[in-house]
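Numbering (my numbering), first residue to last: 137 to 362. Cβ atoms here follow ideal geometry from the backbone N, Cα and C, with glycine treated the same way. Remember, it's a predicted structure, so these values are computed and weren't measured experimentally. This report refers to the structure that appears directly beneath it.
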């Protein structure tokens, strides 16, 4: 990965920092959110720098240890009463604005594609339309939560659609990686996500975006039922 230009790293770092800051702000500057997140980021940095995730022959693949823990953690939070009380206090306006980081992510993915470390199918030139969520997020934030011009149904629909688009690129990325069940991009597989700092994309940014959608959808469903 040494051949990548510095600007890709800068844009990715900007995306990771923005995600962390907006998450911290949306959770009302929760020290526990910050501590847990920073510890997880540090752990994944150490693990990825050791080359652990570059070994792709095992079953289940080591990459699952990067993807599954944060996803399971996020889901479990919604089944614990104490965590639900905290979740229901989070600022959904900031969580909606957080999705602008998806623009930076898509720019990074495109740069990685140009340098042949992920396939075209994972970019907006392929089957990844996630950038639309990032581009529309400021509009949803402004007209939905500042001007209050959008109904809960519209906000709910946007979140569901963006959640499906997120699922689409996650599945595409997994099936494009050089793993035993690879289905796409055999000529140019996705290898960048096995290396630091890009492990933070599936290990932190994607779960945070997933979490933001779930929190917002829960809040909108509560509003709809009242």
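For residue 274, the enclosing alpha helix (DSSP H) covers residues 267-277.
Taken atom to atom, the span from the alpha-carbon of residue 190 to that of residue 176 is near 19 Å. In the DSSP assignment, residue 180 falls within the unbroken alpha helix (DSSP H) covering 167-185. Around the beta carbon of residue 355, a 10 Å sphere encloses 16 or more other beta carbons of the protein chains shown; the residue is thus reported as buried. Put simply, the backbone Cα of residue 147 is about 13 Å away from that of residue 236. Here residue 178 is exposed. Its C-beta has fewer than 16 other C-beta atoms within 10 Å. A distance of 8 Å or more separates the beta carbons of residue 258 and residue 184. Take residue 267, set aside five residues on each side of it, and the residues of its chain with a beta-carbon closer than 7 Å to its own are 238, 239, 242, 260, in chain order. Residue 314 and residue 227 have their alpha carbons spaced roughly 39 Å apart. Contact between the segment 194-206 and the segment 338-346 is established, with three or more Cβ pairs separated by less than 8 Å. Closest in C-alpha terms to residue 231, from the list 317, 157, 334, 312, comes 157. Going by DSSP, residue 143 is part of the alpha helix (DSSP H) stretching over 142-162.
Residue burial is scored here from C-beta neighbours: residue 359 has fewer than 16 other C-beta atoms within 10 angstroms and is therefore classed as exposed. Inclusion of residue 302 and residue 347 in the CB contact set at 8 Å is not warranted, their separation being larger than that value. Assigned with DSSP and collapsed to three states, residue 358 falls in helix. Contact between residue 195 and residue 274 is absent: CB atoms are separated by about 43 Å, not below the 8 Å threshold.
Between residue 330 and residue 211, the alpha-carbon positions lie close to 24 Å from each other. From the listed residues 300, 265, 229, the smallest Cα separation to residue 281 is found for 229.
When the beta-carbon positions are compared, residue 155 and residue 344 come within less than 8 Å of each other.
For residue 335, the CB contacts under 7 Å within the same chain, skipping 5 residues up- and downstream, are 180, 184, 189, 202, 329 in chain order. The criterion of a C-beta distance shorter than 8 Å is satisfied by residue 164 and residue 225.
Collapsing the DSSP output to three states places residue 249 in a helix.
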